[in-house]
Amino acid sequence: FELTIFAKVLHGRDLSGNVAIVTGASAGIGVETARSLAHHGCHVIMACRSRNKTQAVIDNIHEFRPNAKLDFLELDLASMKSVKEFAENFKAQFQRLDYLILNAGIFMVPFARTEDGFELTFQVNHLSQMYLTLLLRDILIKTPMARVVAVSSESHRFTRLTTSNISQEYLSPNSSSKHWSMMAYNLSKLHNILFTNALNRRLAPHGVCCNAVHPGNLVYTELSRSSWFMRVLFFAGRPFTKTLQQGAATTIYAAVAPELQGVGGQYFNNCFLTKPHAKALDVDLQEKLWTVSIEMIRSCMGNIDDVPPHPDVNPHDRSGSMLFGRTRPSLLGRAAHRFGTHSGRVRVRFAPSPTGFLHLGGLRTALYNFLFARAKGGAFVLRIEDTDRSRLVPDAAQRLVETLDWLGLAPDEGPGVGGAFGPYVQSERIHIYRFHADELLKTGRAYPCFCSEHRLDLLRKEQLRNREVVRYDNRCRKLSAKEVQRRLLQGDPHCFRLKLEEEVEDVVDMLHGRISYAVHKLEGDPVLLKADGYPTYHLANVIDDHLMAITHVLRGCEWLVSTPKHAHIYRAFGWEMPAFAHLPLILNSDGSKLSKRQGDVYVEEFRSKGFYPEALLSFITEIGGGFRDREDVLHSLDDLITKFAPERLNANSCRLKFERLEDLNRQALEKKISDPKERCLLVSQLKDLLQHHGFYLREGDEWLSKVLAWSLPRVTRLSDLASPPFHFLWTSPDSHNAARDLSPVQRSMLEEVEVYLKLLPSGLNKEEMGFGLKHLAQCFGFKYSHLMHTLRIALSGLQEGPSILEILDALGKEESLRRISKVLRH
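The sequence shown begins at 339 in the working numbering and counts up by one.
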């Protein structure tokens, strides 16, 4: 089981940019802990005594993962001086510390005193690691979402330590007659839990959570070979021993599991939250050990700043912070140090379902979340919500990511980007939802529902026939515990439902004000976990927003009616709700609802038609408000960030005018053509476009650049230049057909125009050329309209289209003469 959780916790996790210290990383579960973190991108500092031994471990890891980041820093826990030097060296090289894993320990060693005068087991297993943590306290606090994990043991249950006998002499005896190696080890493991609980009260308000773990019984490590008794024990129990990876699983779980964000002062065994011995929960004993340990550190190292318990944390109040037994940790309430809030940093998310292309409504949601994050100096998170397996479209998630990149809305965290709150794909977080649903079941806030689809369908029809509100009747809520147990044991299919309270949950929306909705009357108890084990949108959404420390939820107003239901779920867990803003509905210009079925509502569709990101972004922000000093022109993304004012958003539905998008894209194209560097890129794109449409280009880049400048007032998209009205630019008309249809008068017209054009300077503009052609027609008695029509046929082969003066202006003197001459020679 541990390996299953181990794999799920690390699956898809990108720990790049994170830094970990693992003490005792050169042997046993310390090696596996360092290896697992490094394999997922974490920079691991191996805090060990022996350089040669540690380097051999690093070399072994590099054989399988050459790019793994591992460094050796010397640390001898039997020397306080070495501890101080290690901390100074680390802080000189690193600016953050995400995971401090206090893994080192010795077991069943004979009585010995360190150079500092302390009993060896006590100093190595507890005192030096406490000193190390205090020296690294500032960098832990500075690092968002840092964690401290101390490796303890179930042996902590077998001690005689009390508040009355705790003293320096008892903790660190000064003679072998007062020392028993097994009891010294057991005491040190109790110290680990007492220390992490006391430490958590001091650092939790700063966003650092501290926990202790037991790696599991019978993990065969070097500790197991430290005495003849342990060698015999492990030989006899060999069929039941754990691998080192199994032993490291609980440490990894406590260090990186997303569901443990904000959870501290706990004790884990085999990846489960477990109740330690009552002594470990004795706050007075925790504080007494802390005080005595500080005095002992000061006695040999001089003054060290102590950290008093935070005044806002009641050390005796553990309600909601601990559920004991074989269950996941409760995340109920009390976590005043909820991750992300201690630093006040805004965190928003865009959470699309991969059911197709990104549509304009989704674009508006993504953009406003992005702008809000940038305006507030926060983080923009992308989360893929793919739990509705029936509607998934292959590769849709990847296309969503690519589209956001094209728009310039790259997330700070998300699939392919990584981050401390991953995985960012809901189907990779199923174990998290299941355990939290189980948690609600154990607290009585949820219950299993065995109602079949057939029964629910009959209930719905009966309610419709009686003109009643269609809702679940909460039938399974009334089942006895004995009946529930019987049906679970016989494997009856079931879902989990939230047991709603009758109290109406009011939600204050930043745009719509106070929202009240009696969910219990209008819908009945909602499903949280479906029979197939997948969560509903409502459960997954609430859990992910909390565990990812989302502070503000900006989403479409179609979710407004669901928010009171989400409030019930937040309340069931005891979690603080984020702030909500439900963006107004987008309508077509005629007032009808913007629908995906209409085709041109997908961003990819607009992209394929040649619309630019800045035009789309400006277009979608022209409705619904949200900006200060807004001018009716094209805006860059930087402009939108600067002018974004969320307080100016309005709640009213807004209508799109797609002709406005054409105008904005024309401005974007004009801006690119006016920029020499951008124009070069456009020339290259135009060549690719024309080749794609089968046009053979005789002219070079200089002429294409002139055509682009000529096209400015005439096209809205680059692709317009490949449309039929502009084919004359890229291909000559069929001169044979044109010559065959010419009358003698028309041929005479072309001959005179040919002579006229040859006499003209190359730089003549179209106004002067138009004046000259009118004068020519008058002199030779030609009807001007007939002359223009004849020239149109000869130059473009079109019966209608751009004016002949525009055609002459676009083709230029030489190309125009070449085409006229070709017709006349047939």
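Note that CB positions come from ideal geometry on N, CA and C, so glycine has one too.
The model shown is predicted, which means the values in this text are computed figures rather than measured ones.
Exposure of residue i, with buried meaning 16 or more beta-carbon neighbours within 10 Å
{"i": "Phe339", "result": "Bear in mind that the predicted position of Phe339 carries a pLDDT of just 42, short of 50, making it too unreliable to give a figure here."}
{"i": "Gln1084", "result": "buried"}
{"i": "Phe911", "result": "buried"}
{"i": "Lys419", "result": "exposed"}
{"i": "Leu827", "result": "exposed"}
{"i": "Val719", "result": "buried"}
{"i": "Asn690", "result": "Sequence check: residue 690 is Pro here, not Asn. Buried is the call here."}
{"i": "Gly756", "result": "buried"}
{"i": "Asn607", "result": "buried"}
{"i": "Cys814", "result": "buried"}
{"i": "Gly929", "result": "exposed"}
{"i": "Ser927", "result": "exposed"}
{"i": "Thr500", "result": "exposed"}
{"i": "Cys1166", "result": "The structure shown has nothing for residue 1166, since the chain only spans 339 to 1164."}
{"i": "Phe834", "result": "buried"}
{"i": "Arg389", "result": "exposed"}
{"i": "Lys626", "result": "buried"}
Cα-Cα separation, residue i to residue j
{"i": "Phe533", "j": "Gln624", "result": "7 angstroms"}
{"i": "Val789", "j": "Thr901", "result": "Reading the sequence as shown, one finds Cys at residue 789 and not Val. Roughly 25 angstroms separates the two Cα atoms."}
{"i": "Asp795", "j": "Thr874", "result": "19 angstroms"}
{"i": "Ser417", "j": "Ser637", "result": "14 angstroms"}
{"i": "Glu1144", "j": "Leu1035", "result": "20 angstroms"}
{"i": "Glu861", "j": "His792", "result": "18 angstroms"}
{"i": "Leu978", "j": "Arg805", "result": "50 angstroms"}
{"i": "Ser514", "j": "Thr459", "result": "13 angstroms"}
{"i": "Asn444", "j": "Asn512", "result": "Residue identity differs from the one stated: residue 444 is Ile in this sequence, not Asn. Rounded to the nearest angstrom, the two C-alpha atoms are 18 angstroms apart."}
{"i": "Arg998", "j": "Val880", "result": "38 angstroms"}
{"i": "Pro1099", "j": "Leu1136", "result": "26 angstroms"}
{"i": "Lys527", "j": "Asp726", "result": "46 angstroms"}
{"i": "Leu738", "j": "Arg729", "result": "15 angstroms"}
{"i": "Ala592", "j": "Val551", "result": "8 angstroms"}
{"i": "Tyr523", "j": "Lys816", "result": "51 angstroms"}
{"i": "Phe688", "j": "Met639", "result": "51 angstroms"}
{"i": "Arg683", "j": "Ser493", "result": "41 angstroms"}
{"i": "Thr452", "j": "Gln461", "result": "8 angstroms"}
{"i": "Leu1067", "j": "Gln1005", "result": "23 angstroms"}
{"i": "Arg387", "j": "Thr781", "result": "47 angstroms"}
{"i": "Val1045", "j": "Leu1133", "result": "16 angstroms"}
{"i": "Asn530", "j": "Phe944", "result": "60 angstroms"}
{"i": "Tyr872", "j": "Arg403", "result": "34 angstroms"}
{"i": "His832", "j": "Pro553", "result": "34 angstroms"}
{"i": "Pro692", "j": "Leu742", "result": "13 angstroms"}
Supposed close pair residue i, residue j - CB separation, criterion 8 angstroms
{"i": "Ala385", "j": "Ala363", "result": "7 angstroms"}
{"i": "Leu1020", "j": "Lys1009", "result": "In fact, because the Cβ distance is near 11 angstroms, the residues do not count as touching under 8 angstroms."}
{"i": "Arg721", "j": "Asp882", "result": "6 angstroms"}
{"i": "Ser519", "j": "Phe456", "result": "No, Ser519 and Phe456 are not in contact; Cβ-Cβ is about 15 angstroms, not under 8 angstroms."}
{"i": "Ala372", "j": "Leu408", "result": "7 angstroms"}
{"i": "Arg993", "j": "Leu925", "result": "5 angstroms"}
{"i": "Ser1086", "j": "Val1161", "result": "That pair is no contact at about 13 angstroms."}
{"i": "Phe708", "j": "Leu747", "result": "5 angstroms"}
{"i": "Leu1002", "j": "Leu705", "result": "That belief does not hold up - the Cβ atoms of Leu1002 and Leu705 are roughly 14 angstroms apart, past 8 angstroms."}
Cβ-based neighbour list, residue i, same chain, cut-off 6 angstroms, excluding 5 preceding and 5 following
{"i": "Leu701", "result": "Val941 and Ile958"}
{"i": "Trp913", "result": "His884"}
{"i": "Leu1000", "result": "Position check: residue 1000 holds Glu in this sequence, whereas Leu was assumed. For Glu1000, where only same-chain residues beyond five positions count, the Cβ hits under 6 angstroms are Thr1054."}
{"i": "Tyr762", "result": "Arg721, Gly752 and Pro753"}
{"i": "Ala878", "result": "Thr725, Gln764 and Tyr771"}
Residues near residue i by beta carbon distance below 8 angstroms, same chain, minus five either side
{"i": "Phe424", "result": "Ala385, Leu411, Glu412, Leu413 and Leu470"}
{"i": "Gln801", "result": "Val807, Val808 and Arg809"}
{"i": "Leu474", "result": "Ile359, Ala425, Phe428, Lys429, Leu435 and Leu438"}
Contacts around residue i, its chain only, beta-carbon distance under 7 angstroms, and the 5 residues preceding and following it disregarded
{"i": "Tyr855", "result": "Val899 and Pro902"}
{"i": "Ser354", "result": "Gly379 and Gly756"}
{"i": "Leu1095", "result": "Lys1151, Ser1154 and Leu1155"}
{"i": "Ala983", "result": "Gly964, Phe965 and Arg966"}
Residue i beta carbon near the ligand MN (any heavy atom closer than 7 angstroms)
{"i": "Ser1049", "result": "Absence of the ligand MN is noted for the structure shown, with no ligands found whatsoever."}
Are the segment 888-897 and the segment 915-934 touching by the rule of at least three beta carbon pairs closer than 8 angstroms? yes
Specify whether the segment 1046-1064 and the segment 1021-1032 touch according to this definition: at least 3 beta carbon pairs, one from each stretch, less than 8 angstroms apart. yes
Would you call the segment 483-493 and the segment 428-440 in contact, with 3 or more CB pairs under 8 angstroms? yes
Contact between the segment 361-379 and the segment 399-408: three or more CB pairs below 8 angstroms? yes
Report yes or no: do three or more beta-carbon pairs, one from the segment 469-483 and one from the segment 499-508, lie closer than 8 angstroms? no
Three or more C-beta pairs closer than 8 angstroms, one from the segment 1089-1107 and one from the segment 1127-1144: is that the case here? yes
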